[in-house]
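Each residue of the sequence shown is one higher than the one before, starting from 1 at the first, in full-length UniProt numbering.
The beta-carbon is built from N, C-alpha and C at its ideal position, and this holds for glycine as well.
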Amino acid sequence: MSQQLPFRFGSEVYTWFMSNSGQTHQGRLGHMIEVIAKAGFTGIQPIFTWMGDLQDPDKLEAKLKEQGIELAALALALDWNEAEETEREREVADHAIRVAQRFPGAVLNTVQIPTGRHNIEERQKRLVNIVNTVSRRAAEKGVPCSYHPNSPHSSIIRTEEDYKIVLEGLDASVTGWTPDVGHIINGGMDPLAKMKEYQSLINHVHYKDWDGNPEFTLMGKGKVDLLGVTQWLKDINYKGWIICEDEGEEALSEPDFVTLHDGKWIQEDLIPALK
């Protein structure tokens, strides 16, 4: 899919997770890998706590090789609301790091599960501290890390002010930033302008589209300048992954269709339009 481009395109599995908070497609990561490969993507980003028996790195490696795609990243989504990691959070994070070690180059993509904007200043400080702590442990094991802000109204990393506090608090020696263009615009910012502002932190990228009615839409149908962002990433010779995490409403009932649509749209519309 990404011949002659410095970056590669992959797909997240959140498209399937959207239905019934993950219950509808629980244990179907093998199927998701097959659909993502069929769509023409060359990488996948699973949600670490939602991998079923493919959390076993031997089984995961075998399935990925069967379909000819790579583990681009693991999404590590936890609450991280205390002053430090809870015992369980640390156990889960360390397990994810061990799995990622089996796949050199795979990014540990940290994301906080939104639980409200109460006590926001203290909780932002706690989050930065925990993300940096997890990233340092991962870096010691040779696993690259990237932090992924999100934009629900209950997220503490939603607005421009939030981004400044959290992104500038990251330990850039061990933690990069994953700009998610849909979440950035949903938080009232211009995705490309924000990416240019914090370009030095970018080591992983997420794509989704947005129309504000109320939020996300099928890729290529919304208001995000995906061509402009992609052209810029090409111009700066960005060499990481671009991961599609489509949250259009169609994903609730037809996640396979959405994933296949995204792969086709990237191949037939986005890439040919690049200069």
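- Annotation: the continuous alpha helix (DSSP H) that includes Tyr163 extends over 160-167.
- Between Leu71 and Phe48, the C-beta spacing is not below 8 Å.
- Only buried fits Ile69, as 16 or more other CB atoms lie within 10 angstroms of its CB.
- A Cβ-Cβ contact shorter than 8 Å links Gly10 with Ile243.
- In this structure, Glu215 sits away from Asn237, with a CB-CB distance that is not shorter than 8 Å.
- Between Val224 and Val181, the C-beta gap is smaller than 8 Å, which places the two residues in contact.
- In the same chain as Leu227, and ignoring 5 residues on each side of it, the C-beta atoms closer than 7 Å to its own belong to Leu270, Ala273, in chain order.
- In this structure Lys194 is buried. Its beta-carbon is surrounded by 16 or more other beta-carbon atoms within 10 angstroms.
- One thing to note: Thr110 has its Cβ within 8 Å of the Cβ of Val134.
- For Ile242, the secondary structure class from DSSP, reduced to helix, strand or coil, is strand.
- In this structure, Arg117 places its C-beta atom within 8 Å of the C-beta atom of Ser154.
- Counting the other CB atoms within 10 Å of its CB gives Asp209 a total of 16 or more, which places it among the buried residues.
- The beta carbon of Ile157 sits closer than 6 Å to those of Pro149, Val166, all from its chain and outside the five residues before and after it, given in chain order.
- Residue burial is scored here from C-beta neighbours: Ile36 has at least 16 other C-beta atoms within 10 angstroms and is therefore classed as buried.
- Of the candidates Val107, Ile44, Ser146, Leu64, the residue whose Cα lies closest to the Cα of Thr175 is Ser146.
- About 18 Å separates the beta carbon of Glu245 from that of Glu34, a gap too long to meet the 8 Å contact definition.
- When beta bridges are read from the DSSP output, Glu12 appears opposite Gln45.
- Boundaries of the beta strand (DSSP E) harbouring Trp177: 175-177, taken from the DSSP string.
- In this chain, the alpha helix (DSSP H) harbouring His31 covers 29-38.
- Counting along the chain, the unbroken beta strand (DSSP E) around Thr110 starts and ends at 107-112.
- When DSSP states are grouped into helix, strand and coil, Trp232 belongs to the helix group.
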